[in-house]
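In what follows, a structure is listed as structure tokens, so that the remarks can point back to it.
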């Protein structure tokens, strides 16, 4: 979740984020990895939007959004 949130806020994720994600595999049933990641992504999206709103920040735009505006 920290990688998703950091990406949405435009900051670097924690250095140990990949190791922590690998550690979570033990808690995700086989075959449910994709669903679990989608749930985490959605939760991170809501969390990131809430933080941005509370801090009165604009969410960083993706390269795709910048390209579409041109």
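Numbering (the working numbering), first residue to last: -17 to 52.
All C-beta atoms, glycine included, are put in the ideal place defined by N, C-alpha and C.
Everything numeric in this text was worked out from a predicted model, so none of it was measured.
Exposure of residue 30, with buried meaning 16 or more beta-carbon neighbours within 10 Å: buried
Segment limits, alpha helix (DSSP H) that includes residue 30: 15 to 36
C-beta contact flag for residue -17 and residue 18 at 7 angstroms: no
Exposure label - residue 14; buried when at least 16 CB within 10 Å: Around the beta carbon of residue 14, fewer than 16 other beta carbons lie within 10 angstroms, which makes this residue exposed.
Proximity below 7 angstroms, CB of residue -14 to CB of residue 23: Yes, the pair counts as a contact, with Cβ atoms nearer than the cut-off.
Alpha helix (DSSP H) segment containing residue -16, residue limits: Looking at the DSSP string, the run of the alpha helix (DSSP H) that includes residue -16 is -16 to -9.
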